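The numbers in the sequence shown follow our numbering, run straight up by one, and end at 276.
Below is one structure, written out as structure tokens, with a few remarks after it.
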Amino acid sequence: MSIENKRRVPNFTPSEKAHLMKIVASNFASVLEDKKTDSEERAWKSVEKAFNASSSSSIYLTALSLKKCYENRKKELKKTLADEKRAVTLTGGGPPPKDFTILLIMIPTLYLLSSLNKRQMILFLNMCLEVYLEHQFQNRYQLLRSSANLRENAELINSGPEPSSYETNAWKKYTPCQLQCPLSAPLASQQPVDKKDSSRRRPATIGKPLTSSDIAKKYDLLMDKRLELIKVQLQHTKKHNDLTIQKPKLELEILKVELAKKKKEQVAENT
Numbered sequence: 006m007s008i009e010n011k012r013r014v015p016n017f018t019p020s021e022k023a024h025l026m027k028i029v030a031s032n033f034a035s036v037l038e039d040k041k042t043d044s045e046e047r048a049w050k051s052v053e054k055a056f057n058a059s060s061s062s063s064i065y066l067t068a069l070s071l072k073k074c075y076e077n078r079k080k081e082l083k084k085t086l087a088d089e090k091r092a093v094t095l096t097g098g099g100p101p102p103k104d105f106t107i108l109l110i111m112i113p114t115l116y117l118l119s120s121l122n123k124r125q126m127i128l129f130l131n132m133c134l135e136v137y138l139e140h141q142f143q144n145r146y147q148l149l150r151s152s153a154n155l156r157e158n159a160e161l162i163n164s165g166p167e168p169s170s171y172e173t174n175a176w177k178k179y180t181p182c183q184l185q186c187p188l189s190a191p192l193a194s195q196q197p198v199d200k201k202d203s204s205r206r207r208p209a210t211i212g213k214p215l216t217s218s219d220i221a222k223k224y225d226l227l228m229d230k231r232l233e234l235i236k237v238q239l240q241h242t243k244k245h246n247d248l249t250i251q252k253p254k255l256e257l258e259i260l261k262v263e264l265a266k267k268k269k270e271q272v273a274e275n276t
């Protein structure tokens, strides 16, 4: 291999990569994706000619460089698809991805807000902010309620009476000689024995709704306070935006008044 072929070429730009993929997909995809044959090498030579003839770059790229770029792009695509397939089978391990936050960031691009005026854009972003805060509040409220439910159910299940140890304690101090004696009155009488059932214990109050407990009332009070705080914040934001919209108008009125004042002064000087 000559020194010229070993020379490192500059990295492909995104436009050059897209141009190469367009050429391959239009005429040479079926040949290049086949097994290695002489026709594949000839196809790469044709790709080389077509690419360099229509490329805006001043550097002539060989078929070997174009082939390496194409193969690397295929490897990147396979890795991306493998990661997406793996992500489908994941089972958690942390909070869910904040798709809503990402969507809020991408709203100006997705909804083409550049075509809106300043007032319309502010109103639209206020609406998005209100929806986002409500979304976050509902998620937090559901998490608190589910945690309180689990805690209350665990306390109800673990608060049952302990099994009686009367039979074990009653025979603890007896000796073999005492066991040969006739039954005494305490031993002959039937002692209360706990009835054991193999079925799972289900307290009658386990299905009690959380809204009737003191914990739920505290959570509801906390949520009401947070809702009031959110409303106050939204009102403050709205007032601030209204002032921002009115500021250019007031500045324009001030300029008009100053201009009229200067005209009057000029007229007075001329007279």
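Beta carbons are placed, not taken as given, at the ideal position from N, Cα and C, and that holds for glycine.
Treat the numbers as computed from the prediction; the structure is a model and nothing was measured.
If you draw a straight line from the C-alpha of Lys271 to the C-alpha of Val237, how long is it? This sequence places Gln at residue 271; Lys is not what is there. C-alpha separation (whole angstroms): 50 Å.
Would you please state the rounded distance, in angstroms, between the beta carbons of Leu86 and Val14? I believe it to be under 8 Å. Here Leu86 is actually not in contact with Val14; their C-beta atoms are around 28 Å apart, not less than 8 Å.
Among Leu227, Arg231, Ser61, Arg47, whose alpha-carbon lies nearest the alpha-carbon of Pro19? Ser61
Rounded C-beta distance between Leu37 and Leu71? I'm assuming under 8 Å. The Cβ separation is near 10 Å, so there is no contact.
Lys213 versus Lys223 - alpha carbon distance: With a pLDDT of 46 at Lys213, under the threshold of 50, the modelled position of that residue is not reliable, and the figure given next carries that caveat. Using only the alpha carbons, I get a separation of about 17 Å.
Inter-residue CB distance, Ala68 and Val52 (contact presumed, cutoff 8 Å): Indeed they touch by this definition, with Cβ atoms about 7 Å apart.
Tell me which same chain residues have a C-beta within less than 8 Å of the C-beta of Phe17, skipping the five on either side of it? Same-chain partners within the cutoff: Leu25, Cys74.
Val237 in three-state terms, based on DSSP: helix
Buried or exposed: which applies to Ile28, given that a residue is buried once 16 or more other Cβ atoms fall within 10 Å of its Cβ? buried
Glu258 versus Ala265 - alpha carbon distance: Taking the Cα positions, Glu258 is about 11 Å away from Ala265.
Round the Cβ separation of Ala23 and Phe33 to the nearest angstrom and send it over; I've been treating them as touching at under 8 Å. The Cβ separation is near 16 Å, so there is no contact.
Top-ranked residue by Cα proximity to Gln147, from Asn77, Met228, Ile64: Met228
Taking the C-alpha atoms as reference points, what is the distance between Thr276 and His245? 46 Å
In angstroms with no decimal places, state the Cα-to-Cα distance between Ser63 and Ala55. 14 Å
Separation of Val262 from Leu255, as counted between CA atoms: Approximately 11 Å between the Cα atoms of the pair.
Using 10 angstroms around the beta-carbon of Glu233, count the other beta-carbons present and answer buried if the total reaches 16, otherwise exposed. Around the Cβ of Glu233, a 10 Å sphere holds fewer than 16 other Cβ atoms; the residue is exposed.
Could you compute how far the alpha carbon of Gln251 sits from the alpha carbon of Leu260? The C-alpha of Gln251 lies about 14 Å from the C-alpha of Leu260.
Give the straight-line distance between the Cα atoms of Ser151 and Lys90, rounded to the nearest whole angstrom. 31 Å
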